[in-house]
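Just remember that the working numbering sits 9 ahead of the position in the sequence shown, which is counted from 1.
Don't be surprised by glycine CBs; every beta carbon is placed ideally from N, CA and C.
Following: one structure in structure tokens, then a few remarks.
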Amino acid sequence: MGDFVAGDKYGGDRVHGDKIVMGQPPRPPRQPKVILMLSANPLTTQPLRLDEEHRAVDLAVAHAGASHLLEVRIADAVRLDDLPYALLRHRPAVVHFSGHGDPVRGIQVTDHRGLAHDVPPDALRELFRILADGVECVVLNACFTEPQARAIAAHIPGVVGMSRGVLDKSAIKFAAGFYQGLAFGRSIGASFDLARTGLDLHGIPDSDVPKLIAQPGGATRTVITR
Numbered sequence: 010m011g012d013f014v015a016g017d018k019y020g021g022d023r024v025h026g027d028k029i030v031m032g033q034p035p036r037p038p039r040q041p042k043v044i045l046m047l048s049a050n051p052l053t054t055q056p057l058r059l060d061e062e063h064r065a066v067d068l069a070v071a072h073a074g075a076s077h078l079l080e081v082r083i084a085d086a087v088r089l090d091d092l093p094y095a096l097l098r099h100r101p102a103v104v105h106f107s108g109h110g111d112p113v114r115g116i117q118v119t120d121h122r123g124l125a126h127d128v129p130p131d132a133l134r135e136l137f138r139i140l141a142d143g144v145e146c147v148v149l150n151a152c153f154t155e156p157q158a159r160a161i162a163a164h165i166p167g168v169v170g171m172s173r174g175v176l177d178k179s180a181i182k183f184a185a186g187f188y189q190g191l192a193f194g195r196s197i198g199a200s201f202d203l204a205r206t207g208l209d210l211h212g213i214p215d216s217d218v219p220k221l222i223a224q225p226g227g228a229t230r231t232v233i234t235r
């Protein structure tokens, strides 16, 4: 128990009992925000080094010392039904798609046989409208996804898409640079610029291919605060 208080030596009120000093309850640890990496490489499409892209993003977060602030979660070989399920389950701050895309048919996921299945662009836009709560950024790291990105940007602060075909090594290096910036607390816009400059620094083509479509104030938004 606490100290026994017998009274005030100057004649003040006498208090009989125990004095107990209660500390403040500990604050629960802050939960890290989630980077949800969705990927698909159907059997009928060109092989991609998706595991290298996952590794690059995971290392970017770890090397920035931000693993307590950002958690990378991976959903591979995604199918249509996996898209809403993954968004509902993980409640991500950032959604990243790696795979193939088409300027008209949109991004491609896999079907139950492992073959390519187009994601209707209008349906994907509606999915992000419905489940936009908490999503701060979407990266469509696949060929010809700029039209899709522009549609999604009506509901998400910052969206990255590719204006034409992009080399696999360019997509991997871009992802590494972008998430390095976010993990160090830089804004979406600054991280985007850093990622494109990283391609130029390494002499890797396609630095002009990624496009950022942002709502007012979206480019200056940070995903985490350091």
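Could you tell me the alpha carbon to alpha carbon distance between residue i and residue j, rounded to whole angstroms?
i	j	result
Lys220	Thr206	13 Å
Ser179	Ile139	32 Å
Gly170	Asp111	12 Å
Leu124	Phe153	20 Å
Arg230	Phe201	12 Å
Gly108	Val168	16 Å
His130	Leu136	The sequence as given places Pro at residue 130; His does not occur at that position. Roughly 10 Å between the two C-alpha positions.
Val128	Leu89	7 Å
Gly39	His77	Per the sequence shown, residue 39 should be read as Arg rather than Gly. Cα to Cα, Arg39 sits roughly 8 Å from His77.
Leu149	Arg36	36 Å
Thr119	Thr54	10 Å
His164	Ala141	6 Å
Ala73	Ala158	27 Å
Lys42	Ile222	22 Å
Ala228	Glu145	10 Å
Ala115	Gly226	The sequence as given places Gly at residue 115; Ala does not occur at that position. About 27 Å.
Pro156	Leu45	21 Å
His121	Leu92	14 Å
Ala95	Leu176	27 Å
Ala132	Ser196	29 Å
Val218	Ala71	27 Å
On the DSSP bridge assignment, give the partners of residue i in chain order.
i	result
Arg82	Leu45
Val169	Val148, Leu221
Thr231	Ser196
Asp111	Gly115
Asp127	Gln117
What are the boundary residues of the alpha helix (DSSP H) that residue i is part of?
i	result
Ser179	177-192
Phe137	130-139
Leu92	91-99
Ile161	155-161
Ala65	59-72
Cutting at 6 Å between CB atoms, please list the residues of its own chain near residue i, excluding the five before and the five after it.
i	result
Leu203	Gly186, Gly190
Asp209	Ser216
Leu47	Ala84, Val87, Phe106
Asp67	Val81
Ala75	Ala192
What is the residue span of the beta strand (DSSP E) that residue i lies within?
i	result
Ile116	115-119
Phe106	103-107
Spatial neighbours of residue i within its chain, please: C-beta separation below 7 Å, excluding the five flanking residues on both sides.
i	result
Gly143	Arg100, Ala102
Ala69	Ala185, Tyr188, Gln189, Ala192
Ile213	Lys178, Ser179, Lys182
Leu52	Gly123, Leu124
Gln224	Ala162, Pro166
Gly194	Thr231, Ile233, Thr234, Arg235
Ala65	Ile181, Ala184, Ala185
Asn50	Pro56, Leu57, Leu59, Gly108
Glu62	Ser107, Ala180, Ile181, Ala184
Between which residues of its own chain and residue i is the CB-CB distance below 8 Å, once the five residues before and five after are set aside?
i	result
Arg98	none
Give a yes or no on whether 9 Å exceeds the smallest Cβ distance from residue i to chain C.
i	result
Gly108	Reference to chain C is not applicable here, since this structure consists of a single protein chain.
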